[in-house]
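Structure first, commentary second.
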Amino acid sequence: MAKTGRMLLVSSDDACVEHVRRACEVARLALDVAATPAAANLDATDVVICDDADFAALRCHRTMASAIVVGSAADSSAAIEAIKQGAFEYGPLPTSVDDLAHLLRAALRVARDTQRPATYESPPDRAADVDRIIGQSPAMQDVYKAIGRIAPRDINVLITGESGTGKELVARAILHHSRRRDAPYLAVNCAAIPETLLESELFGHERGAFTGADRRHVGKFEQCDGGTIFLDEVGDIPPSIQAKLLRVLQDQTFQRVGGVETVRADVRIIAATHQPLEQLISERRFRADLYYRLSVANLHVPPLRDREVDVVLLAHEFVDRYNADYDTHIRAFAPETLRLLLQHDWPGNVRELENVIRATLVMSRGPVLRPEFLPESIRHRGASPSVEPPASPPPERASEPSDDTATLAAIAEACLADAGGSGLPGAVAALEREVIRVALRRHGGRVAPAARALKISRATLRRKMDAHGIDITTT
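Heads up, the sequence shown is in the working numbering, so the first residue is 8 and it goes up one at a time.
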């Protein structure tokens, strides 16, 4: 059967080569394999599959309209840079052959649609280690890819997410990867400035505009001409000022408070809020037309409770960051410490985790971060239950598939056996275990969404998993 496109895999990993080869057979695609970029022949290649470093090297010779970059960097730079430079996808390859085949076909469609001419481009320098966003979870990988697509385009951006999730870090990442990165940048917390001063702070005022205005004041928009302004907590801007902000968004002009001169300012606006703006619109507290102007691109930052893999990653990052400041020498986390950190819901998100680690370092002694060093609020919430869990069958991995009907029948037969049967209590415990396994399997082993589906807290789910011997590491 004729092949419909040509893939190039740059890899010396035999298992990876075989996995991609099987996917190409399913998708009816031809596959070339090169162990290194130097050995790669890009002629007649539609889609390139490679890692971060090889992608940078290959781009020296050709701008690739469609490339799948295999990576799982913990910080944002690699993913953002790859997407910004034209990669179709960034992240680990799907483990399913069918899913990988679907991804390859989608990349091929983009390659055929784009047909960009080849150009020479130097490999990008490693992004400066400033205000890195840390996260390896799928949710954060999606954020990185969105930044890579949004940043180069000179459009307004609305960032949403709970307090403490790192919305300003996302704004700075957008700036860092934009064409305005070397132009002025200012951040304004709209919730922290009184209404009587906010208009002057944003748009400036003329001398004599109000009592105490003894000289002209240049506002943030005027100071940022040619650059970027970050409006944090934009939902707190009073309606009287929203109309003036709307005019800036429409035609990039405004008047200073007390003035008649029209001032022009070329400013990219990145706004952020933890509030549901749609609800504020329905309550007539936020203008719908302003919302639509701000949210040309909308980017949501997920809460930390939905990014369990990032909790440990961030905890290590904060320990490394503050060890020198507090003259501590922490090199490892005790297993119980990690369990308590993972069990916490983190309503304050990344900001709360950072403060907990700082407080823990102050109380720490020695090279291991032990649970007794954690704040009482973290230790108390993770306390083990005093009631013994019901008897249950031997530990079983959460990812093992089972037919629901057959499983229920097997549970009933085992619990009603003539000798050694555990009766109804054992059946209830076994059923609970099976339901938990199904919930975890449906949600890819992620505890937070599984707990929501089961309508119990994460802490309760983790206790039940421990009681039933369910191993989350295999989900």
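From the three backbone atoms N, C-alpha and C, an ideal C-beta is built for every residue, glycine too.
Put simply, of P145, H26, R453 and D58 the residue whose alpha carbon is nearest the alpha carbon of V104 is H26. When the Cα atoms are used, P374 and V303 turn out to be separated by approximately 48 Å.
Here H281 carries a coil assignment [DSSP, helix/strand/coil]. Under DSSP, A41 takes part in a beta bridge, and its partners are V17. For R294, no beta strand (DSSP E) encloses it, and the DSSP letter there is neither H nor E.
Annotation for N196: the continuous beta strand (DSSP E) segment containing it runs Y192 to N196.
Under the DSSP assignment, Q262 falls in the beta strand (DSSP E) whose first and last residues are T260 to Q262. Along the region 148–176, the alpha helix (DSSP H) does not occur as any fully enclosed run of 4 or more residues. At least 8 Å separates the beta-carbon of C57 from that of A45.
A contact between stretches requires three or more CB pairs, one per stretch, nearer than 8 Å, and the region 143–152 fails this requirement with the region 277–293. Contact annotation, S384 with T335: C-beta distance approximately 21 Å; criterion of less than 8 Å not satisfied.
The alpha-carbon separation between L238 and L256 amounts to approximately 13 Å. In terms of CA proximity to V270, E213 leads the group F293, E213 and D296. When DSSP reads this structure, T269 sits in a beta bridge with Q262.
For V316, same chain residues with a beta-carbon under 7 Å away, outside a window of 5 residues either side, are Q143 and S144 in chain order. Per DSSP, F325 is one residue of the alpha helix (DSSP H) stretching across E315 to Y329. The continuous beta strand (DSSP E) containing I56 extends over residues V54 to D58. As computed with DSSP, E96 is found in a beta bridge with I75. P342 and V318 have their C-alpha atoms roughly 14 Å apart. Looking at the DSSP output, T235 bridges to Y192 and R275.
H307 is not a Cβ neighbour of T102, given a cutoff of 8 Å. When C-alpha distances from V225 are compared across D352, G242, D189 and L205, the shortest belongs to L205. Excluding the 5 residues flanking it on each side, R112 has same chain C-beta neighbours closer than 6 Å at A34, in chain order. Close CB contacts of Q282 within its chain, under the 6 Å cut and outside five residues either way in sequence, are with G242 (chain order). Taking the CA atoms as reference points, A446 sits about 7 Å from L461. Around P191, the same chain offers Q230, C231, D232, G233, G234 and T235 as residues with beta carbons nearer than 8 Å, after the five sequence neighbours per side are excluded. Our two residues, I276 and R294, have alpha carbons roughly 17 Å apart in a direct line. The continuous beta strand (DSSP E) containing N305 extends over residues A304 to H307. Sequence-distant partners of R312 (beyond 5 residues in either direction) whose C-beta falls short of 6 Å from its own C-beta, in its chain, are D352, W353 and A455. In the same chain as F95, and ignoring 5 residues on each side of it, the C-beta atoms closer than 7 Å to its own belong to S73, A74, I75, A114 and V117, in chain order. Here V375 carries a strand assignment [DSSP, helix/strand/coil].
Remark: C-beta atoms of A466 and Q350 approach each other more closely than 8 Å. Secondary structure at F228: helix, using DSSP grouped into helix, strand and coil. Excluding the 5 residues flanking it on each side, E359 has same chain C-beta neighbours closer than 7 Å at G171 and W353, in chain order. As DSSP reads the structure, F340 sits in a beta bridge with L376. Within the same chain, N163, L165 and A278 come within 6 Å of L301 by CB-CB distance, once the 5 residues on both sides are set aside.
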